[in-house]
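Number of protein chains: 2
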Amino acid sequence: MIPTQAMPDILTRARDAVTPALAAALERLTPDLRRIATYHLGWTDLDGQVTPGGGGKGVRPALAVLSAEAGWADGDIGVPGGVAVELIHNFSLLHDDIIDGDRTRRHRPTVWAAVGVGPAIVAGDALMALAQQVLLECPRGAAAARCLTDATAAMIAGQADDIAFESRREVTVTDCMAMSAGKTGALLGCAASIGAVLAGAPETTAGALRDYGAHLGLAFQAVDDLLGIWGDPERTGKPAGADLRQHKKTMPIVAALCSGCEEAQELGRMLADGPLDDEQVERATWLVEACEGRSWTANQAKAHLDKALRALERVRINPMAHRELADLATFVVERES
Amino acid sequence: MIPTQAMPDILTRARDAVTPALAAALERLTPDLRRIATYHLGWTDLDGQVTPGGGGKGVRPALAVLSAEAGWADGDIGVPGGVAVELIHNFSLLHDDIIDGDRTRRHRPTVWAAVGVGPAIVAGDALMALAQQVLLECPRGAAAARCLTDATAAMIAGQADDIAFESRREVTVTDCMAMSAGKTGALLGCAASIGAVLAGAPETTAGALRDYGAHLGLAFQAVDDLLGIWGDPERTGKPAGADLRQHKKTMPIVAALCSGCEEAQELGRMLADGPLDDEQVERATWLVEACEGRSWTANQAKAHLDKALRALERVRINPMAHRELADLATFVVERES
């Protein structure tokens, strides 16, 4: 958990607006699927009993609400978009945890580890379908559903690339950034524009907000990849060096492997071999840093934050929302979990 | 493969219309995902080389095309609906094969068995997103997408129930029929009405066609459940007695267990224990028949075929399409694979 004082107000404000709508949407699931979904979201235990705290940061719902406000509408207009994007995000987490074999998320067993692969697959599928249902019942829902579906398709393509990269020897930084643009950028681009779409804002406005979100997504992923190696397991809820152990081709690792520096060859050999033990993870971590994978990725985070902020300057959006979008972007890049 | 002469013309006609559009839609996937999808469809091997024959019967695309014609429009209007429904059907097959642990489909290894669980999950996800994209780009696509999304959600809920039933001792025939209505009926109901929706037919017409499809789905599932026990493995492509081995709660099995006849207790004990060997499968098959599970299910198939045909009488639809819909329903119930 991040201390509340570090969080921009919009995260709390959007959570207060989106959570009841999300809960209402989940009521449409069968009891079994609803219990899995609320467990996954950190709202309940597996018996459906309410648990304290829990839940993610809620960056996506916040973007959806601000996006409506940016388009000079009431933030509530963006709420169904926030619900839909959050459902798609959680569908992808449910499936990614199976694919990556991750047994822990937010300090608790992942759904597949707790109730089995089959129910976890079906629960993810159910959230994806529910997201579409929520949007298609709204005014201007068809345009918003198109925005969401295109983002979902791009996210899935990014996930397919991510899987393929794990067994591919040669992955360039260009490949890696394209994968991240799909896997993370597309849905954040959708989140940051879907409220404006629901508000009927002009396409130039929605387009600028989408670009802001897409670059924010790349900055977000860069920070995620840094935390995946150097993050504090206590704060991230993931084991230390998880990405190196899984031979994931994240930005710092790919940048190091492609750096042409001497240590890159040793790193390449280590990652081509079998599983790494704790000592090897420590050595590999050092090698990534020696090859400037850490600084390269930190620079990417800064560069894409900058591009995100500049996208907001392209159009005349509500200045209050503008400031909150900028603050949120800075928060995302400076977070430590 | 079923001999071509047994197939109603509409299956060939719809396949000729829908296959190129389906192929065009698949072009939007990444190469890796497209190769998995075309392998799953039986169009290619895993290297992307075209393979002879292959593919399912294509009942759903045929329904979509006839549905447009029933609504007094050109069959082509229904083609995007046929593509979308076929994509959703295949998304569900990809995921169901993982969930059920099925290693063989249409005489070939299932996708998860051939390339792994992760890629099979992602390929299913990709087909589900693609189905929505295809529809949302059509005229009247939003209404069609609502029809598809509601059916998809119902199908997923049915799949969740199906999983839950396997470990639940008490499943009534009512539970079982409700599960089949979701798992099979909803998508067939959508297939049979989506063309009319795309054609802008009145809701009464679309509703009658949806009811026809939903009952046809139950008849279809009843036949599927009969073939799952008594089908010829050579023709079905599935191992003999697969449903009994997997302790699936299909219609004949549930009807037998709920029959109150003496042999039901022995059957219940067998299915409560561990895996069945060949001899036990033979005994269990006999017990299901002795408890009239077979005749009960055959009667359900007939009854729902009848209800499907009567739904068509409720509205004034194109008589040519009416006859083809009736023929298709009869074919589905009389098929042997």
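Chains as they are written, first to last, in the working numbering: chain A, 32 to 368; chain B, 32 to 368. A virtual CB, placed ideally from N, CA and C, is assigned to each residue, including glycine.
Query	Result
For alanine 160(A), which option in His120(A), Pro233(A), Gly149(A) and Val96(A) has the closest C-alpha, if you only look at C-alpha atoms?	His120(A)
At a Cβ cut of 9 angstroms, what residues of the segment 248-265 of chain A count as close to chain B, listed as they run along the chain?	none
Check distances from the C-beta atoms of the segment 157-181 of chain B to those of chain A and list, in chain order, the residues that come in under 8 angstroms.	Ala157, Met159, Ala160, Leu161, Gln163, Gln164, Leu167, Glu168, Gly172, Ala173, Ala176, Arg177, Thr180 and Asp181
Just verifying my parser: in three-state terms, what is the DSSP assignment at phenylalanine 362(B)?	helix
Per DSSP, what kind of secondary structure is valine 202(B) in: helix, strand or coil?	coil
Who are the Cβ neighbours of alanine 191(A) in its own chain at under 6 angstroms, not counting the five residues just before and after it?	none
Roughly how many angstroms separate the alpha carbons of leucine 359(A) and aspartate 133(A), rounded to a whole number?	28 angstroms
Once DSSP output is grouped into helix, strand and coil, what is the label at proline 140(B)?	strand
With a threshold of 7 angstroms on Cβ separation, who are the neighbours of alanine 176(B) within its own chain once the five nearest residues in sequence on each side are excluded?	Gln163, Leu166 and Leu167
Our contact map puts arginine 345(A) next to alanine 239(A) with C-beta atoms below 8 angstroms; I'd like the distance itself, whole angstroms only.	4 angstroms
Tell me, please, whether the CB atom of leucine 369(A) is closer than 8 angstroms to any CB atom in chain B?	Given a span of 32 to 368 for chain A in the structure shown, any question on residue 369(A) remains unanswerable.
From the beta carbon of alanine 48(B), is the nearest beta carbon of chain A less than 8 angstroms away?	no
CB alanine 287(A) to CB valine 319(A), shorter than 8 angstroms?	yes
Keeping to the same chain, check which residues put their C-beta closer than 7 angstroms to that of alanine 45(A); ignore five residues upstream and five downstream.	Gly89, Pro92, Ala93, Val96 and Gly113
How is valine 81(B) classed by DSSP in three states: helix, strand or coil?	strand
So what does DSSP say about threonine 135(B), is it helix, strand or coil?	strand
Classify methionine 351(B) as buried or exposed, calling it buried when 16 or more other Cβ atoms lie within 10 Å of its own Cβ.	exposed
Quick one: which residues of the segment 121-137 of chain B get their C-beta closer than 7 angstroms to a C-beta of chain A? List them in chain order.	His126, Ile129 and Ile130
Is threonine 61(B) helix, strand or coil when you go by DSSP?	coil
Measuring only the C-alpha atoms, how far is arginine 276(A) from aspartate 337(B)?	59 angstroms
Are there three or more Cβ pairs, one per stretch, closer than 8 angstroms when the segment 58-66 of chain B is compared with the segment 115-131 of chain B?	no
Quick one: does valine 364(A) have its CB under 8 angstroms from some CB of chain B?	no
Just confirm the distance between the C-beta atoms of alanine 321(A) and glutamate 365(A), as a whole number of angstroms; I'd bet it's less than 8 angstroms.	Actually they do not touch by this definition, with Cβ atoms about 25 angstroms apart.
For the segment 278-310 of chain A, enumerate the residues whose C-beta is nearer than 8 angstroms to any C-beta of chain B, in chain order.	none
Short of 8 angstroms in beta carbon distance, which residues of its chain neighbour leucine 219(B), apart from the five on each side in sequence? Order them along the chain.	Val90, Arg91, Leu94, Gly244, Ala245, Leu247, Gly248 and Phe251
According to the neighbour-count rule (16 or more other Cβ atoms, all chains shown, within 10 Å of its Cβ), is arginine 241(B) buried or exposed?	buried
Using a Cβ-Cβ cut-off of less than 7 angstroms, give me the residues of the segment 219-239 of chain B that come near chain A, in sequence order.	none
Please confirm whether isoleucine 33(A) has its beta-carbon closer than 8 angstroms to some beta-carbon of chain B.	Per-residue confidence for isoleucine 33(A) stands at a pLDDT of 45, beneath the threshold of 50, marking its modelled position as unreliable; no derived number is given.
Output the distance between the C-alpha atoms of proline 283(B) and threonine 267(B), rounded to the nearest integer angstrom.	17 angstroms
Would you say valine 142(B) reaches chain A, if we count a Cβ-Cβ gap shorter than 8 angstroms as a contact?	no
Just to make sure I have the definition right: I need the residues of chain D whose C-beta is within less than 8 angstroms of the C-beta of proline 150(B). Which are they?	Given the protein chain composition of this structure (A and B), no chain D is represented.
So, using beta-carbon positions, are isoleucine 130(B) and isoleucine 194(B) closer together than 8 angstroms?	yes
Taking only beta-carbon atoms, is lysine 88(A) less than 8 angstroms away from chain B?	no
Where does the unbroken alpha helix (DSSP H) through valine 153(B) begin, and where does it stop?	148-167
Applying a beta-carbon distance threshold of less than 9 angstroms, which residues of chain B neighbour valine 114(A)?	Correct list: empty, because the minimum Cβ distance to chain B is about 14 angstroms.
Can the beta-carbon of leucine 57(B) be found closer than 8 angstroms to that of alanine 145(B)?	no
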